[in-house]
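Reviewing the structure listed below.
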Amino acid sequence: MQLSLDVADFLYNSNKKYMFIDAPVGTGKTLGILIPALMNAKDTKKQIVYATATRNLQNQIMIGNNSEINILSKVNLINSFQSVLAMGKNNYFCQSVFEENKKKFSPEEIKAINEFIKNNKYGTKDELESYGINLSDNRWKLLSLSKSKSCGLITCPGHEYRKRFLSNQLITVTNQSQLINSINNSMSGNNPIINNNPGIIIVDEAHDFESNFLNCIETEFNIQNFSQLIRSYPEIKNKYYVFQTKLQEKIRASRSKKGQIKFDDDIKKSIKELRKCLFDIDTKLQKKIRNSQRPNPLLMNSLLEETEKVFAAIINDDRYTSWYSIENKTICITTNDFVDSYHKFIKQLSIKNKVIFMSGTLATKNNYEDNKREIVQEWTLKENKYVYKKYSNELDLTKQVYFYTPKDLSETKRNNVHISEVNNYSDKLINLLKDSGVLILCTSYESMDSIAEYVKNKFHNRRILIQGERSTVKLSEEFKKCTDSILIGSGSFFSGFSVPGKALRGLLIDKLPYPVPDDPLMRLKSKGITKKQIKELYLQTMLKKLEQGLGRLIRKKDDYGVAMIIDPRVISNKDINDWLLEKGYKIHQSLNDYDPTSIKLNIDNLKSNVYNQNKINIPVIFSEKKTNQIELKPQNKIYSLEEVQKWTKKYMSELRKKNKLNIRGNYRDKRACFQTLVNVYSTSNELDLKNASFYEEFPYDNEKQRENFKRISCNISGTVVITSSKR
């Protein structure tokens, strides 16, 4: 409740453009924000853009009986025609792409897809899977709208639904990347993807916003472009082979399939040699262009020029940061002024909007003032520019979580040793929780593959769900339904993933989720700061992700379970150990004491917070819409004179606007404030005292004061001066 009231106060009363909400699991953040946001949007004729970091959370908000949009529609705050689910192109089905690849599907699948085309609501991959079609990432490429070159079919689910993105929707539920790309499009003179200036922007999972911003602004160069150059210019083949060999050696050493590779000095040396070779070719090409001796010279010249610029950027560390994306097989580049660009973008967001950033991990400290300083440092906003609110919940992690870290873990960094230990303890956890669900979170896709292979071979009698085999939404649904299943995932499963109850009683995190040294974002944020500050940056980043991961286990007051982290630093590192204790986790080093019956008895005895209106800070809120005026206040709350004066002046301001009156009042005390309103209505030909809304909305301290003030009659002895502005 307090969260909703604070959001309402920010939207209706505050002159500040930013609000930061730090609220843990169980506080009902999404509904708590959307209710006042929708009320304000309707009153002020604004729209809302709600941006999440994960597709999973987008679906949770929009789709299903328990979705926030469905709940809000039941109380008539919104209807299904006023909301749109705006995802990236790769999430939507294209009928033309399907027709091109139709022969690759079975007759049963074709029948289901045709049924989907006729009856779909959103046109998404997740919706199509609900028709019984199993879609791995590779199979989805045969249907994805991102593979569409052109589609003129009026029955195409994806293209038709995406036309709604820029229509006048009350709320657009999108992802952070799409919001960022849309605003960047507008800033560069291109068409936006969604409404960039709705009036209210809500950024959920805000801890991922900076990383998504980097993904959106980086320049990419596909390494497969070299194939075209090699075919045309065989003389570069040997130089390219040297570069490719050194790059592959680095990739193998990283043991990564989806990470990033930093270009070391050895790779840069091979790039310089290749660049010199390309320069010589370009010089010769220029001569041929002048003599018109080569077909398509402009195309080849353009590719050479682009390649040369990419290589120049890789070598120029002073101006650029570069890396190689293993998954996408692309060279990625961004300028070293990334941090400044990000902060400028944050300011751009607020030019025509009020912006709410929320997360369960906006800051890592437990102290309110320390968190505010962390917000200032992270977002570079002055304290007078934003509102910061931190909330607690009813969860008792000491009683609800049996937090276990083995005491005999090896300190070695050898990956095969660590994977063996993770497999050993995943075995113990799964056997311990024979009738309940287990989530294994991995800090790399390589670990995920190794652990998944071990678990699949060991537990034939359990349902094993692995990230990538189906969509995250479908995996989440199956995990909830099959309450003794095992889900193995990474990345997006650290956040935006909610499975309360028996379906999730065990959580294993393979190691502390520190960012890797080659992480581009960390490299960019580390520029210009001391080694001590860099160490603190890595620690804070890790703790935020760790808190997100641990938050998957306990979603409600009656949840309980076992949490494991297979990392000796949990014990040996004092900062990490202290942080866990501050968060309420009691660290165990033996599984022998785990007793679910005892834990359940303890949480059954947990007392719920009793609603106490005297502990609720309820602002006086004046809605601009006369038919829907809002006064959110408890009975018997004593308002300060400043609060009453503020409310009265705002009410008077609205009268000036709507009735074109020049009004001056006396606000020396609460009675004078009320007297001012009575006199204004009594002496104006344009206002009706009998129907005056202030009688019910005025911030009375109690019922006795209400009755006394309602007896006040007009007293024109200098309290109010009214002159009509009409001539």
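Residue numbers (my numbering): 260 to 986. Using N, Cα and C, we set each Cβ at its ideal position, and we do this for glycine too. Please read all numbers here as calculations on a predicted model, not as lab measurements.
Close Cβ partners of residue i (< 7 Å) along its chain, the five nearest in sequence each way excluded
i: N456; result: K611, N612
i: N318; result: D385, V732
i: T639; result: H602
i: I975; result: N938, T942
i: K400; result: K406
i: S609; result: K276, Y277
i: F933; result: F957, F968, I971
i: Y627; result: K649
i: S211; result: With the chain running from 260 to 986 in the structure shown, residue 211 is simply not present.
i: T594; result: R578, Y579
i: I634; result: F279, L621, A622, Y647
Proximity below 7 Å, CB of residue i to CB of residue j
i: K535; j: I574; result: no
i: I723; j: I699; result: no
i: T289; j: E327; result: yes
i: Y217; j: A282; result: Shown here, the chain extends from 260 to 986; a query on residue 217 therefore has no answer.
i: Q792; j: T620; result: no
i: T311; j: D539; result: no
i: H466; j: K803; result: yes
i: V266; j: I292; result: yes
i: Q519; j: P774; result: no
i: P451; j: N443; result: no
i: L336; j: L297; result: yes
i: G755; j: T313; result: yes
i: G820; j: G765; result: yes
i: S342; j: I460; result: no
i: Y381; j: L331; result: no
Cβ-based burial, residue i [other Cβ within 10 Å; buried from 16]
i: M260; result: exposed
i: D268; result: buried
i: V660; result: buried
i: I439; result: buried
i: K892; result: Residue confidence for K892 is low, a pLDDT of 48 falling below 50, so the modelled location carries little weight and cannot support an answer.
i: G924; result: buried
i: T935; result: buried
i: S618; result: buried
i: R986; result: Unreliable placement is indicated for R986, whose pLDDT of 35 sits below 50; the coordinate value is still reported in the next sentence. By the 10 Å Cβ count, R986 comes out exposed.
i: E469; result: buried
i: M446; result: exposed
i: P366; result: exposed
i: L860; result: exposed
i: V697; result: buried
i: E680; result: buried
i: L900; result: exposed
i: Y500; result: exposed
6 Å CB neighbourhood of residue i in its chain, flanking five on each side removed
i: R632; result: none
i: P987; result: Nothing about residue 987 can be reported from this structure: the residues present for the chain run from 260 to 986 only.
i: N350; result: T383, K384
i: F570; result: I530, R534
i: C475; result: S436, I439, N440
i: E532; result: K498
Same chain only: Cβ atoms within 8 Å of residue i, ignoring 5 sequence neighbours per side
i: I684; result: First, the amino acid is wrong: residue 684 is Tyr here, not Ile. Same-chain partners within the cutoff: P665, L767, M823, I825.
i: K361; result: I369
i: R930; result: F968, I971
i: T589; result: E479, F480, N481, I482, Y583
i: M911; result: I922, G924, T935, L936, V939
i: T742; result: D694, S695, G696, G760, K761, A762
Range of the contiguous alpha helix (DSSP H) that encloses residue i
i: Y220; result: Only positions 260 to 986 of the chain appear in the structure, and residue 220 is not among them; the question remains open.
i: T702; result: Premise fails: T702 is in no alpha helix (DSSP H) and is neither H nor E.
i: G215; result: Here the chain covers residues 260 to 986 and nothing more, so residue 215 does not appear.
i: N481; result: No alpha helix (DSSP H) contains N481, which is instead part of the beta strand (DSSP E) from 478–481.
i: A267; result: 261–271
i: T289; result: 288–303
i: V646; result: Element bounds for V646: not the alpha helix (DSSP H) but the beta strand (DSSP E), 645–649.
i: F502; result: 496–513
Residue range of the unbroken beta strand (DSSP E) whose run includes residue i
i: D281; result: 277–281
i: G458; result: 458–462
i: A822; result: 820–824
i: Y797; result: Segment 790–809 is the alpha helix (DSSP H) holding Y797; no beta strand (DSSP E) there.
Distance cut-off 6 Å: residue i Cβ against heavy atoms of the ligand GDP
i: P779; result: Although the ligand GDP was asked about, the structure shown includes no ligands whatsoever.
(request) Could you name each continuous beta strand (DSSP E) segment of 3 residues or more that falls completely within the region 707–775, going from the start of the chain to the end? (result) Under the rule that a run must span 3 or more residues, the beta strand (DSSP E) segments found entirely inside the region 707–775 read 723–725, 745–749, 765–768.
(request) For the region 527–602, list the beta strand (DSSP E) runs that are entirely contained and at least 3 residues long, ordered along the chain. (result) Here the runs fully enclosed are 579–584, 589–594.
(request) Starting from the N-terminal side, write out each stretch of the beta strand (DSSP E) that is 3 residues or longer and does not extend beyond the region 310–358. (result) Considered as a whole, the region 310–358 harbours 342–345 as its complete beta strand (DSSP E) runs of no fewer than 3 residues, in chain order.
(request) Just list the alpha helix (DSSP H) runs in the region 367–438, keeping only unbroken ones of 4 residues or longer that don't cross its boundaries, in chain order. (result) Here the runs fully enclosed are 384–388, 396–399, 416–421.
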